[in-house]
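What follows is a set of notes on a single structure, which appears directly below.
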Amino acid sequence: MKIKTNLKTKASITLILLLTITLPLFAITPTECQTSAGKSTTHAMLTVNPNPVGVGQKALIVMWAGMLLPNAAVTNDIRFHDYSLTITKPDGKTETMKWAIVEDTTSTQYTTYVPDQVGTYTLNFSYPDQVYTWNATAAMRTWTNHVFLGASKTVTLIVQEEQLPEPISSYPLPTEYWTRPIEGQNTDWWSISSHWLGSDHPLHYNLVAADAMYQPDGAAPNSPHVMWTKRIDEGGVVGGSLTGVEGEMYYSGSAYQPRFYNPIIMNGLLFYAVPSQNSMSGGGYMCVDLQTGEEIWFNPKIGVESDWPIPSFGYLYAAHTENQHGAIPNGVLFSSNFAVAYEPWTGQRLFNVTGVPSGMAAVGPQGEILRYQINIASRWLAQWNSSRLWSTASSGWVPDWNTTNGWVNASTSARYDWNVSIPTSIPTSTSPFKAICDDILLGSTTFTSFSGIGTPNPYTMWAISLKP
């Protein structure tokens, strides 16, 4: 299958404002600095920024040992210890800060300092010899009892009367037309650059009715206008005298086969199923530039072949780990119940997902979709987390799949955040109807909906706290 693409080449230059420090892109290994059997030299590093700084203004201090301890990882406690920072003021008085354990695996320790005098400050960073005591694995035992020699570093900080301009968190919102991608320093632009992740996404889903869904972010233009048009179906008057009705028109599908059903908008791209004959889909799947209407790609298989289901919702997740901070490019298009994942920029299939549990859905703080599974009879409640479909292995943020067949098993215990017991007083005749992440799960006697007429007697409502 050949997928038609029309991707514009965009060169993006990221300007990084070095307000503090750039750490080395490589770490010195212990074997590179060994001086004798059983001992290795280290190099104390110390920076303070901004320098000079205004009196009463905050300065950032960064200290590190210039190397990594062998086998240090977030899953163990192999760390540098006993860091000491002594600050000598212009009047000769000193302040000392100490850290018994340096929690960062890279040996880096951060702190801030607010000088209260004008003049030259002296900062001295030091640490004693570090004896490697760990021996849980063969790799660790290679270094057991090895000594990493202590070191020190001294720098000066100039404090002036004149105040430095306060840093800004973002540049102002635009006052004219703008396009994506949004420059990374325009952080406040989040408020005008939203998405529509589809009617099946919990962010937009409404308890009462599909036509009551809303967009919680962004705003419509004050002067709406037609920016472009794109034909998706035949319409208007058929013409001629063969239709039995003079002036007969093509059926719009508005009653039971609506065209342009469940479009998705993500990253400035519009995704939709192309109708075929009298159906709302069946003609492939289209991606166009939201601003211009330009076709980005078209996949003739999606929505046509049984193993290429139509995307049901868009998925954006901001991963925050020890090694990564930021949303995963370029997001994902998922078919119903996470069954198939597609790459939004190409329409290519990424992976399949099986065993996704049912349950009341909610959106987590980083964009993850959560599902709450409850068994009232057995008295337990569990939180399934879609972000756990990926793995944070050393190779990066990748699908946690069986590489032989490209399938992710969503039913394993590794996909859950927790499983807890619930009160025994909840009637088994009830069921949940609304979940709010880190807040509350609501349930009631089984009923049509709050918009229905009449009330079962007795009627029970309950609430379970989801707060951490």
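First residue of the sequence shown? That's 18 in the numbering used here, and the numbers climb one at a time after it. All C-beta atoms in this analysis are idealised placements derived from N, C-alpha and C, irrespective of residue type, glycine included.
In the displayed model, residue 330 falls within a strand according to three-state DSSP. Contact check for residue 299 and residue 247: beta-carbon distance about 18 Å, past the 8 Å limit, so the pair fails to qualify. Fewer than three beta-carbon pairs drawn from the segment 77-84 and the segment 183-192 are found closer than 8 Å, and the two stretches are therefore not classed as touching. Relative to the Cα of residue 370, the nearest Cα in the group 350, 189, 163 and 262 belongs to 350.
The beta carbons of residue 215 and residue 118 sit about 46 Å from each other, so the pair does not count as a contact at 8 Å. Around residue 158, the same chain offers 152 as residues with beta carbons nearer than 8 Å, after the five sequence neighbours per side are excluded.
For residue 434, the three-state secondary structure derived from DSSP is strand.
Two segments are said to touch when three or more pairs of C-beta atoms, one from each, lie closer than 8 Å; by this definition the segment 430-448 does not touch the segment 354-371.
With a beta-carbon spacing of about 6 Å, residue 178 and residue 72 fall inside the 8 Å limit used to define contacts. The Cβ atoms of residue 283 and residue 361 lie closer than 8 Å to each other. Taking 8 Å as the cut-off, the beta carbon of residue 166 is found closer than this to the beta carbon of residue 57. DSSP places residue 158 in the helix class (H, G or I) of the three-state scheme. Approximately 7 Å separates the beta-carbon atoms of residue 403 and residue 355; this is inside 8 Å, confirming the contact. Of the residues 236, 378 and 428, the one whose Cα lies closest to the Cα of residue 457 is 378. The segment 89-103 makes contact with the segment 118-127; the number of CB pairs closer than 8 Å reaches 3 or more. Pairing residue 130 with residue 106 gives a Cβ-Cβ distance that is not under 8 Å. Rounded to whole angstroms, the gap between the alpha carbons of residue 94 and residue 163 is 16 Å. In the DSSP assignment, residue 117 falls within the beta strand (DSSP E) that extends over 111-118. Going by DSSP, residue 457 is part of the beta strand (DSSP E) stretching over 457-462. Beta-bridge partners assigned by DSSP to residue 136: 176. In the DSSP assignment, residue 106 forms no beta bridge with any residue.
Comparing C-alpha distances from residue 69 to each of 172, 146 and 423 shows the shortest one belongs to 172. Its Cα nearest to that of residue 285, the residue 312 stands out among 276, 450, 294 and 312. One alpha carbon belongs to residue 142, the other to residue 206, and they sit about 40 Å apart.
Under the three-state reduction of DSSP output, residue 316 falls in the strand class.
Taken through DSSP and simplified to helix, strand or coil, residue 88 comes out as coil.
By the Cβ-count criterion, residue 212 is buried, with 16 or more other Cβ atoms from all chains shown falling within 10 Å of its own Cβ. In this structure, residue 374 lies near residue 428, with their beta-carbon atoms less than 8 Å apart. The C-beta of residue 268 has fewer than 16 other C-beta atoms within 10 Å across all chains shown, which makes the residue exposed.
If you ignore the 5 residues before and after residue 251, its C-beta comes within less than 8 Å of the C-beta of 267, all in its own chain and listed in chain order. Here DSSP, grouped into helix, strand and coil, assigns residue 181 to coil. Distances from the CA of residue 147 to each of 60, 341, 270 and 396 were compared; the closest alpha carbon is that of 60. The C-beta separation of residue 454 from residue 381 comes to about 5 Å, placing the pair in contact by the 8 Å criterion. Straight across, the Cα-Cα distance linking residue 144 with residue 353 is about 56 Å. Distance check between residue 128 and each of 358, 450, 341 and 101 places 101 closest, using alpha-carbon atoms only.
About 18 Å separates the beta carbons of residue 301 and residue 331, which is beyond the 8 Å limit, so they are not a contact pair.
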